[in-house]
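Numbering of the sequence shown is given in our numbering, commencing with residue 21 and proceeding in unit increments.
Take a look at the structure set out below.
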Amino acid sequence: MPSLDGAVVLVTGANGGIGTTFVHAALARGAAKVYATARNPRTWDDPRVVPLALDVTDPVSIQAAVEAAPDVTVLINNAGVSASSPGILTHTDEEIRQSVETNFVGPLLLARAFAPILSAKDGAAIIDIHSALSWYAVAGIYSATKAALWSATNSLRLELAPAGVHVVGVHVGWVDTPMAAGTTDPKVDPADLVRSVLDATEAGEHEVLADETSVRAKAGLSAPLEAVYPELAAAKA
C-alpha cells in the first residue's frame, strides 16, 4: 500500500496553487524528500524540497529529471495548461499542440520514464490529475487532452499493477487557484483537494472524484448524449 511516510515525491507544476499544496502536504505526511519541478523552479524554505527544472513537453528534460531523481517513489503528474477559448475549432495550432504536449503526452512520457524506477520500489505510486472535463467536452482541447490522459491512466494502472505500482486518477472541477480566478462557480479549496487525493492514495483507491461536479460528470457517461448536452436537442428544434 502506498504511503507518504518516508516517500520521495516528484511533483510537476510545483509552482502553481495545486502543486505547491502537494509539496507541503507530502512533507506534512512524512515525505523524506520532494522534488518540486517546474520550467523555472523557485526556491523553497525547506531543505527537504529539491527544486528541479522540468519541461514536461521536452523528452530531453524528462530524461534529465529521471537521472536527477532516481530515488522517486511517488510521481504526481499535476502540470497542465488551458486554452484561451472553449471552442475546439477556435484554438490556434499552437494552443492545440501545447495542450496535447503538456496535458497528455508529457504525463505519459514521464510515467513511462519513471516506470522502471517506481517498479523497483515498495509502495510506489503515480497520481495523475485529470479533470471533471475529462467527461464533459465543453472545454475544447482541454477536455480532449484530459480525456486522453484519463484513458492513458487506465492503461498505466493495468500495466503497472503487476509491478506493484499503484496508479490514481483524479477528477475535479474548479479549484480555487489563480487559474480559476475568472469564474464565480463553486471552487474546491486546494488543501481539500490534495487531502482527498493523498488519503485515497494511502488507502489504495484507484480514483478520486473530488467534488460534486466530478460525480455528476462521471454519472453522465451512462446517460443519453442529448441529456448530457442539451445543445444537441436544441439544434434539432
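Glycine included, every Cβ here is placed at the ideal spot set by N, Cα and C.
It should be emphasised that the depicted structure is a prediction, and the values quoted were computed from it without experimental measurement.
- Annotated three-state conformation of asparagine 123 is helix, per DSSP.
- DSSP, reduced to helix, strand and coil, places alanine 253 within a helical segment of the structure shown.
- In the three-state DSSP reduction, isoleucine 108 falls in the coil class, being neither helix nor strand.
- For the set Leu153, Arg49, Ala144 and Glu227, the Cα lying nearest the Cα of proline 182 is the one of Ala144.
- DSSP places glutamate 225 in the coil class of the three-state scheme, outside both helix and strand.
- In this structure, valine 217 and valine 188 form a Cβ contact; the two beta carbons are roughly 7 Å apart against a cut-off of 8 Å.
- Taking C-beta atoms under 8 Å as the contact rule, valine 192 and aspartate 231 qualify, at a distance of about 6 Å.
- Short of 7 Å from the beta carbon of valine 158, and not among the five residues preceding or following it, lie these beta carbons of its own chain, in chain order: Pro106.
- Around the beta carbon of leucine 241, fewer than 16 other beta carbons lie within 10 angstroms, which makes this residue exposed.
- When rounded, the separation of the alpha-carbon atoms in leucine 176 and valine 185 is 9 Å.
- Between the beta-carbon of threonine 93 and that of valine 28 there is about 5 Å, and that keeps the pair under the 8 Å contact cut.
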